[in-house]
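Number of protein chains: 2
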Amino acid sequence: MSEGAVHRGRAASSGQPKSDTRAAGSGEASVVERRDEILEIAATLFAERGYRATSIRDIAERAGMKAGSLYYHITSKEALFVEIHDKALDAAAARVRAVIAGCRSPWERLEAACVEMLEIQLNPESLTLPIMNNFRSVPDEVKDALIRKRDEFERIFRDIIAALPLPSAIDRTIYRILLLRLLNTADEWYREGRLTRPEIAAQIVGIFRHEAG
Amino acid sequence: MSEGAVHRGRAASSGQPKSDTRAAGSGEASVVERRDEILEIAATLFAERGYRATSIRDIAERAGMKAGSLYYHITSKEALFVEIHDKALDAAAARVRAVIAGCRSPWERLEAACVEMLEIQLNPESLTLPIMNNFRSVPDEVKDALIRKRDEFERIFRDIIAALPLPSAIDRTIYRILLLRLLNTADEWYREGRLTRPEIAAQIVGIFRHEAG
DNA sequence: CCTACCGATCGGTAGG
DNA sequence: CCTACCGATCGGTAGG
Numbered sequence: 001m002s003e004g005a006v007h008r009g010r011a012a013s014s015g016q017p018k019s020d021t022r023a024a025g026s027g028e029a030s031v032v033e034r035r036d037e038i039l040e041i042a043a044t045l046f047a048e049r050g051y052r053a054t055s056i057r058d059i060a061e062r063a064g065m066k067a068g069s070l071y072y073h074i075t076s077k078e079a080l081f082v083e084i085h086d087k088a089l090d091a092a093a094a095r096v097r098a099v100i101a102g103c104r105s106p107w108e109r110l111e112a113a114c115v116e117m118l119e120i121q122l123n124p125e126s127l128t129l130p131i132m133n134n135f136r137s138v139p140d141e142v143k144d145a146l147i148r149k150r151d152e153f154e155r156i157f158r159d160i161i162a163a164l165p166l167p168s169a170i171d172r173t174i175y176r177i178l179l180l181r182l183l184n185t186a187d188e189w190y191r192e193g194r195l196t197r198p199e200i201a202a203q204i205v206g207i208f209r210h211e212a213g
Numbered sequence: 001m002s003e004g005a006v007h008r009g010r011a012a013s014s015g016q017p018k019s020d021t022r023a024a025g026s027g028e029a030s031v032v033e034r035r036d037e038i039l040e041i042a043a044t045l046f047a048e049r050g051y052r053a054t055s056i057r058d059i060a061e062r063a064g065m066k067a068g069s070l071y072y073h074i075t076s077k078e079a080l081f082v083e084i085h086d087k088a089l090d091a092a093a094a095r096v097r098a099v100i101a102g103c104r105s106p107w108e109r110l111e112a113a114c115v116e117m118l119e120i121q122l123n124p125e126s127l128t129l130p131i132m133n134n135f136r137s138v139p140d141e142v143k144d145a146l147i148r149k150r151d152e153f154e155r156i157f158r159d160i161i162a163a164l165p166l167p168s169a170i171d172r173t174i175y176r177i178l179l180l181r182l183l184n185t186a187d188e189w190y191r192e193g194r195l196t197r198p199e200i201a202a203q204i205v206g207i208f209r210h211e212a213g
């Protein structure tokens, strides 16, 4: 069991500690639990400040250790970011799929998906939130992996939109791109206070809702 | 004439060279012209990579000089960014105002404004393009000035949207926020090739178009 | 997990 | 406009 619950073991050498010295019932935190803490801390910081503006020292400090020590848990800043990004998208996909499963009509599905996406993007429960579209500050070598993963996630929305009875003049590809752009960058334009998240989602769906003639 | 055509002299100490030793008819570039070149170069780089990822040395290199020499023309990286941002928004405002002046109906005005915004955002003529919403990587001290300027610009759209015969269920504030978010970040989601800019603008207006019942 | 350090790079300055 | 440099900070490593 070299692969803990956290890690999906997809990327061959992702740099987690080799053995899980779990704390056999004692009050001690296991190595994988410590690693999870670090992932959450890093996710929060990356989401707040972006990739470049978040330093290894920032992350280490919040985790209560020195920068060098962090490298016991991770292999590199880049690998850390990719892992967080992948996990965040997996979690988001699961949440959106769960919530649309209970819907009957296509428009209901769209609205439920929008509400859930806003919750994911705007709630600071770290690991799930940062869809992080701010790829500009991410090194090129990493970008491809991130984009592939994101495209995979967006297939959920492609399917929802495919089922909508839209007027034929509307291009479903650009429809999806625009909608996802708004949802994925919600943390950048959302202003706390005036409208609730479901109200915002309803406004978005209200704007994007067009029935075929 | 310590204020050249480029500079609006709004921000008190913006750091341009004190006197314009213009090249009295000769083939020599004047100091203000050199400064304009630097502004264009910096604008392009900031737009491509964001504030933080663009180094003073990058800018200097493209301008054919050393990092230190740049400080003959500018006072600081932050002041440079603010100046570019202000100029870009002024130019964008002028272009959008000019284009909607020739429109008769509210929906025509909205579509014309959208087309123009996409042109501005997607054409790499540097100085005009970077509305740069990527404020995350910008230092806090600068952010307030940028936001104030941006709010000023967005008044144009507030007025256009105020004139639209929208259904009462649609909140015009969030309507404006969503629309501007799409237009301002077009360079991040636009994929060259499939649809032209006017076609994209038409799709956006098609989605955002709702007549009151 | 720590100390101590590496080479690289950053924005900016001095002095010409 | 240049050279030469500053202190700060970066991601990462060695050796314990």
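Protein chains in written order, with the UniProt record's numbering: chain B, 1 to 213; chain S, 1 to 213.
In this text, a Cβ means the ideal position worked out from N, Cα and C, and glycines have one as well.
Query	Result
Cβ-based contacts, 9 Å cut-off: residues of the UniProt domain "HTH tetR-type" (32-92) of chain S near chain B	E48, R49, G50, R52, A53
Inter-residue CB distance, A63(S) and I38(S) (contact presumed, cutoff 8 Å)	5 Å
Alpha carbon of D151(B) to alpha carbon of A186(B), nearest angstrom	18 Å
Host alpha helix (DSSP H) of V138(S) (start-end)	First-last for V138(S): undefined, no H or E at that position.
is_contact[residue 216(B), chain S] using C-beta, thresh 8 Å	Residue 216(B) falls outside the range modelled here, since chain B spans only 1 to 213, and no answer is possible.
First through last residue of the alpha helix (DSSP H) which encompasses Y51(S)	Careful: Y51(S) lies outside any alpha helix (DSSP H) and carries neither H nor E.
C103(S) (DSSP reduced to helix, strand or coil)	coil
Where T185(S) meets chain B, residues with beta-carbon distance less than 8 Å	R181, T185
Short CB-CB distance (under 8 Å) between G178(S) and chain B	The amino acid occupying residue 178(S) in the given sequence is Leu; Gly does not appear at that position. Yes, its Cβ sits closer than 8 Å to a Cβ of chain B.
Cβ-based neighbour list, M117(S), same chain, cut-off 6 Å, excluding 5 preceding and 5 following	L183
Segment contact flag, the region 98-112 of chain B with the region 150-169 of chain S, C-beta cutoff 8 Å, min 3 pairs	no
Residue from E61(S), V32(S), V31(S) whose Cα sits closest to the Cα of L45(S)	E61(S)
Exposed unless 16 or more other CB atoms sit within 10 angstroms - verdict on I147(B)	exposed
Pick from A212(S), A201(S), R181(S) that is closest to G206(B), judged by C-alpha positions	A212(S)
Three-state secondary structure (DSSP) of D171(S)	coil
Which listed residue (V31(B), R194(B), A79(B), S69(B)) has its alpha carbon closest to that of V138(B)	A79(B)
Chain B contact for G206(S) (CB, 8 Å cutoff)	yes
Best match in W107(B), D90(B), E141(B) for proximity to A202(B) [C-alpha to C-alpha]	W107(B)
Pair within 8 Å by beta-carbon distance, R52(B) and R52(S)	yes
Cβ of D144(B) within 8 Å of any chain S Cβ	no
Cβ-Cβ distance between F208(S) and V142(S) below 8 Å	no
Under 9 Å by beta carbon: chain S residues contacting D203(B)	Note that residue 203(B) is Gln in the sequence shown here, rather than Asp. Correct list: A169, I170, D171, I174, Y175, L178.
Chain S contact for L118(B) (CB, 8 Å cutoff)	no
Collapsed DSSP secondary structure at E211(S) in the structure displayed	coil
Rounded straight-line distance, which links the Cα of I156(B) to that of F157(S)	33 Å
E188(S), enclosing alpha helix (DSSP H) - first and last residue	186-189
For L70(S), the first and last residue of its enclosing alpha helix (DSSP H)	67-70
Integer-rounded CB distance, given that R34(S) should sit under 8 Å from H73(S)	7 Å
Burial state of D171(S) (16 or more Cβ within 10 Å)	buried
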